[in-house]
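Let me begin by presenting the structure, written as structure tokens, before commenting on it.
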Amino acid sequence: MKNNILAAGLVLSLVFTSCFDEKAFVEQYFKEIYQPQEMTIGVGIDHPGEYFIGNLTWYCYEKNHLCQSSSLQMIAQVNGIEKPLDYFSFLLGYTYGATYVKGAGMFAAYSDPEPGFITASNYLGLERKYFITDNPEMLIDNIKYYLSKNHPVRIAWNSALTMKFAMESGYFPVPDNWKEPPQGAFFPHSVVFVGYDPSHFYYYETHGMDFVLTGEKGIKIDYQSALEAISSFSTRYTLPWTYMMTVFEPGQTSGSIQSIFEQAGEEMIGRVLGPTSTGSYAIKGLSGGVRKEGMSIFNSPKKEFFKKTIESLWDIRRNNALFLENNFSEKAEILQIAGLLHSSADNYLSILNILEKENNTRDDVKSIRRLLDLSAELEREAGDIFLSLSKNTI
């Protein structure tokens, strides 16, 4: 895994610092990290006119950052692996990271989940296949093919374009003031396709409210709308392909707990690639953003957005710590990591308390920056311990 990350780092560094062809290097980055495969099953292959996977449990959660973990939870369940949600978040590793883009003011309390699907599937004894194509008919027929073989299909798309289908499905309460997202809105998201008929796919939404259902057909979406949401995701992330789908087939267990520790450590420590920072560097980047904004972070709507960001960080780090405490209670180093993450979560809670004040001062800006810098150091230390553990036999 480390070699892949170093290679990707080199690729992005060249993109941002040289006169090399940026498009070619971005393409190389995604090929290195995502490990895509061209679809080889052709258009017009034989499959039933309609099919629905019947032995799949639908897990949906209110928190939107859990869509990747929920997708893997459902796919693992159909393969006989029944575990709680936080287990899959740990295996994927993305909730142990963070992402900050300097200049764009973009911050996410998690990292790119795609590499984590490779590590997690190896550990679970599943074979991940990330299929790509520029042919819409080929995508439709490949989704149908794998669904008819009882394989749920994980789909990454722009849910700003699909939210109306969830709202019209009857599975979710519709607020009186609900409106479709504005044109151009982008909400990257992960869902699981579970069936199809001659003109629609059926999928399990992973975000919106907490529920567990069995025996449901899921939310109906026409082929064209699904294609548009998938291609919108590719366009906004500048992926060098138009359509993609992920399936997980039974395979051989080829990963170890050390590989999971290594991934968590690398996500927590992070790196700087041009304007993009990840892990502890992203927390430092956020601190730098606060310094630049100064007192304006207390103005609406910046204050509300910033508060949601810190709430996410607090909630995720607290859950990271609780999972480690509950599942590695006899491992002193892991408990040390949990303690560091609890301390980091406490810092975020202190920031929330500052943001609750009616009148803020310049000293509050300094306090927020200090707390973010402290959390960056704590999370980097936690990452170092994870990396040390990855070299040892458990």
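Heads up: take any position in the sequence shown, counting from 1, add 13, and you land on this note's numbering.
From the three backbone atoms N, C-alpha and C, an ideal C-beta is built for every residue, glycine too.
Close beta carbons around residue i, own chain, < 6 angstroms, minus the five adjacent residues each side
i, result
"S247", "T255"
"M151", "M52 and V56"
"E392", "M281, S293 and S357"
"L240", "P149"
"Y113", "F120, S290, A295, G298 and L299"
"F399", "F274, A277 and G278"
"S408", "Given a span of 14 to 407 for the chain in the structure shown, any question on residue 408 remains unanswerable."
"H60", "K157, Y158 and S161"
"M257", "I145"
"L365", "I323"
"N373", "F311"
"F178", "I232 and I234"
"F101", "S82, L85 and Q86"
"A169", "S203 and F246"
N-terminal and C-terminal residue of the beta strand (DSSP E) that residue i is part of
i, result
"Q86", "Taken as a continuous stretch (DSSP letters only), Q86 belongs to no beta strand (DSSP E), being part of the alpha helix (DSSP H) at C80 to V91."
"P49", "P49 to E51"
"M308", "Taken as a continuous stretch (DSSP letters only), M308 belongs to no beta strand (DSSP E), as it is neither H nor E."
"F107", "At residue 107 the sequence reads Tyr, which differs from the Phe that was named. Counting along the chain, Y107 falls outside any beta strand (DSSP E), and DSSP gives it neither H nor E."
"A277", "Here A277 belongs to no beta strand (DSSP E); instead the alpha helix (DSSP H) covers I270 to I282."
"A122", "Here A122 belongs to no beta strand (DSSP E), and DSSP marks it neither H nor E."
Outcome for residue i when other beta-carbon atoms lying within 10 angstroms are tallied against a minimum of 16
i, result
"V204", "buried"
"E127", "buried"
"M176", "buried"
"N190", "exposed"
"T266", "exposed"
"V4", "A question about residue 4 goes unanswered here, because the residues of the chain that appear run from 14 up to 407."
"Q81", "buried"
"S290", "buried"
"M119", "exposed"
"F422", "Summary: the structure shown does not reach residue 422, with the chain confined to residues 14 through 407, and so no result is reported for it."
"M222", "exposed"
"R330", "buried"
"P165", "buried"
"F43", "buried"
"G2", "Outside the shown range of the chain (14 to 407) lies residue 2, about which nothing can therefore be said."
"F29", "For F29, the predicted model reports a pLDDT of 41, less than 50, meaning its position is unreliable and no value from the coordinates is stated."
"S388", "buried"
"G396", "buried"
"A345", "exposed"
"E218", "buried"
"D99", "buried"
"V187", "exposed"
"S31", "At S31, the pLDDT of 41 sits below 50, so the modelled position is not reliable and the matter cannot be decided from this model."
"R249", "exposed"
Residue i - partner residues in DSSP beta bridges
i, result
"G144", "The question names Gly, yet the displayed sequence has Phe at residue 144. According to DSSP, which records beta bridges pairwise, F144 is partnered with Q50 and M258."
"S290", "Y113 and V285"
"Y74", "H220"
"P263", "L139"
"Y64", "Y209"
Sequence-distant residues of its chain with Cβ nearer than 8 angstroms to residue i (five each side left out)
i, result
"E40", "P253"
"P288", "F29, V114, K115, G116 and A117"
"P263", "N92, G138, L139 and E140"
"S212", "D235 and Y236"
"K76", "H220 and D328"
Beta-carbon proximity list for residue i, same chain, < 7 angstroms, skipping 5 on both sides
i, result
"S380", "I367"
"E394", "L353"
The alpha helix (DSSP H) enclosing residue i, as first and last residue numbers
i, result
"A395", "R375 to S403"
Entirely within the segment 175 to 249 and at least 3 residues each: give me those beta strand (DSSP E) ranges in chain order. Runs of the beta strand (DSSP E) inside the segment 175 to 249: 201 to 209, 213 to 217, 224 to 227 and 232 to 235.
Jot down the residue ranges of each uninterrupted alpha helix (DSSP H) in the segment 125 to 171, minimum 4 residues, whole runs only, in chain order. Those alpha helix (DSSP H) runs which fall completely within the segment 125 to 171 and span 4+ residues are 127 to 137 and 149 to 161.
So within the segment 304 to 348, which uninterrupted beta strand (DSSP E) runs reach at least 3 residues, ignoring any that extend past its ends? Within the segment 304 to 348, no run of beta strand (DSSP E) at least 3 residues long lies entirely inside it.
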